[in-house]
Structure formats: structure tokens, C-alpha cells
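**Student:**
Numbering (the numbering used here), first residue to last: 5 to 292.
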């Protein structure tokens, strides 16, 4: 539940999570989260849900597993404090939970089903708490004094934090496809480092955004569209990561398909493509 940023204290974490609600109604937020997540993963393959955006970062599926287990914890905390105000509440280590529960092996859709069932029960429980009882509190080992009202706000902020992360992970390629299929060359170029190396099939190596601009302009004006990317492997270490998979697109009247490899570099917290290579499964034509 806590941020992985080593410099962030629990007070800072609490303020950050609470800030996500931006004055919204926490109860309304926690009611909407299940449907928002279900919509977002509808039609997404398990492989895509399991794809990590970078080394050390959870996949969308792992986030869903985290949400399902944290929902169990919220349920216990709410009920324990309703039973006895001032009760001790022990903190948790999210990384230990992820290891012990083997998040990477859990079916993301089963994790979402678990979250939906637990959230439904917790919302019903919260709705039954009299307003005057929301001041009841638990003595949390990390957060300190934690009232029921604050717990509900933290649940809402935690929902927003991780729902946005799921959306970001699943939107990364959608944004790339959207820019390509919209023939937005300027948007495509923002995905690359300044000195990115580009290795298209049957063509000379290209280096730098200026070269990429000319290549993409020629490709898109030539009728290439309907790009689809499917991740098969994502890994890396430190500032570098790679992603490999398959692609398909229309080149005029030809349906092209093949493999791709991206090498990313972390540029101030943003992952940019530094090397690109792809190869078509189709035989080269005489003009290539």
C-alpha cells in the first residue's frame, strides 16, 4: 500500500493518497472503482495484464492482486475498530505480501472477482456505520491514530492511485497505436529518445528523431495503418528495459505481421524508446 519511494515517510504517503480524492466523496469513489476496473480490463489478454512496464514495477495484474488483498485488510481494520476503539492495528509489507501470495501467478480476472466481492461486502458494512461512530479509531503501527472516517478516505485515495496505474499500464501501447493510426508523427516522436536507433526491415539503420520523422512520414503517407502490438516479454535492469512481442498492420492492401523489439531508457522517470528493431514474417518483395 505504501509507495516504494524510499524517501517517502508514512505521513507523506498519507497526504499524497488523500490528495487524490481532491475533495470528492470517498464513499462515491469506492463504489465506482469496481466498475471502472472491470471496464478497463475488458477484452485485455492475460499476457498483456501480466506485462510489467519496467523492472521492479507491478503489472496491471499484480496491482489487481494487491487491491484484492488490501481489501481484505481494510475489511478487518474497519470491523476491528467498530468492535473496540483504540485497538492496535499492525501495518503490512506490500512486497512481502506480493511474494508470499505470488501475485505474478494469480489470474488477474480472478483477483478482480475477489476484489469485487470483498468491496461489495465492505461498502455494505460502511453504509451501516452510524455517522457518529466514524470517530472511532485504531492505533496503527505505521499511520498512528486512524479513524474510521480517515480509513474510508484512504481507501478512496488508494483506489484512485492504483486504478490510474492500471489505466496507465494498459494505455501505453494504446497511446502508441493511437498516434500511429492517427498519423500523428509529432506524437510518435515523443516516444523516442533524441538519439534513438531505429532498425526497420530491409532498410538502412536510422538514428535520431529527424531521421525517424522522415521515415514515419513516408510510412504513414504510404498507407500504413491499423497497427496492433502484442507484448510477449518485458524485462530489464536499472535505467534500461526491453519489450518484445508481435505486431500487425496494414501496408496499403497488404496485411503485414511480424516481431518487434524495443529497448527503453529511463529519462527522468519517463521511459523512452532508445532502440527499435522489427522484422516482418512476410517475404521481402522485389522493391525492398
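All C-beta atoms, glycine included, are put in the ideal place defined by N, C-alpha and C. Please read all numbers here as calculations on a predicted model, not as lab measurements.
(1) Alpha carbon to alpha carbon, how far is residue 297 from residue 283?
(2) Quick check on this structure: which residue in 78, 111, 88, 105 has the alpha carbon closest to the alpha carbon of residue 95?
(3) Output the boundary residues of the beta strand (DSSP E) element that contains residue 15.
(4) Straight-line CA distance for residue 298 to residue 87?
(5) Pick out whichever of 93, 120, 45 has its Cα sitting closest to the Cα of residue 142.
(6) Note down, in chain order, each residue of its chain lying with its Cβ closer than 8 angstroms to the Cβ of residue 213, except the 5 sequence neighbours on either side.
(7) Please report the Cβ distance between residue 119 and residue 75, rounded to the nearest whole angstrom; I am assuming they are in contact, meaning their Cβ atoms lie under 8 angstroms.
(8) So residue 200 is in the beta strand (DSSP E); what residue range does that whole segment cover?
(9) Taking C-alpha atoms, which residue in 151, 274, 163, 85 lies nearest to residue 71?
(10) Quick check on this structure: which residue in 227, 234, 158, 265 has the alpha carbon closest to the alpha carbon of residue 321?
(11) In the DSSP assignment, what residue or residues form a beta bridge with residue 85?
(12) Quick check on the DSSP output: what are the complete beta strand (DSSP E) runs of length 3 or more inside the region 224-267, in order along the chain?
(13) Can you list, in chain order, the residues of its chain whose CB lies under 7 angstroms from that of residue 144, leaving out five sequence neighbours each side?
(14) Can you look up residue 143 in the DSSP assignment and give me helix, strand or coil?
(15) Whose C-beta lies closer than 6 angstroms to the C-beta of residue 220 among residues of the same chain, with five residues either side of it excluded?
(16) Rounded to whole angstroms, what's the CA-CA distance from residue 226 to residue 187? Just pull it up for me.
(17) Out of 40, 153, 286, 69, point me to the one whose CA is closest to residue 263's CA.
(18) What residue ranges within the region 44-99 form continuous beta strand (DSSP E) runs of no fewer than 3 residues, ordered along the chain?
(19) From what residue to what residue does the beta strand (DSSP E) around residue 312 run?
(20) Taking 7 angstroms as the cut-off, decide whether the C-beta atoms of residue 185 and residue 231 are in contact.
(21) Between residue 91 and residue 45, what straight-line distance do the alpha-carbon atoms span, to the nearest angstrom?
(22) Alpha carbon to alpha carbon, how far is residue 160 from residue 33? Give it in angstroms, no decimals.
(23) Check for me: the beta strand (DSSP E) holding residue 278 runs from which residue to which?
(24) Three-state secondary structure (DSSP) at residue 210?
(25) Given that a residue counts as buried once 16 or more other Cβ atoms are within 10 Å of its Cβ, and exposed if not, what is residue 60?
(26) According to DSSP, what are the bridge partners of residue 270?
(27) Are residue 255 and residue 281 close, meaning C-beta to C-beta below 7 angstroms?
(28) Tell me the DSSP secondary structure of residue 183 in three-state form.
**Tutor:** Result, derived from the coordinates:
(1) Missing from the structure shown is residue 297; the chain here goes from 5 to 292 and no further.
(2) 78
(3) Per DSSP, residue 15 belongs to no beta strand (DSSP E); it is in the alpha helix (DSSP H), 14-23.
(4) A question about residue 298 goes unanswered here, because the residues of the chain that appear run from 5 up to 292.
(5) 93
(6) 193, 196, 198, 200
(7) 5 angstroms
(8) 196-203
(9) 163
(10) Here the chain comprises residues numbered 5 to 292, so residue 321 is not present and cannot be evaluated.
(11) Bridge partners of residue 85: none, in fact.
(12) 228-241, 244-255
(13) 93, 95, 150
(14) strand
(15) 189, 192
(16) 11 angstroms
(17) 286
(18) 91-93
(19) The structure shown has nothing for residue 312, since the chain only spans 5 to 292.
(20) yes
(21) 38 angstroms
(22) 6 angstroms
(23) 274-284
(24) strand
(25) exposed
(26) 275
(27) no
(28) helix
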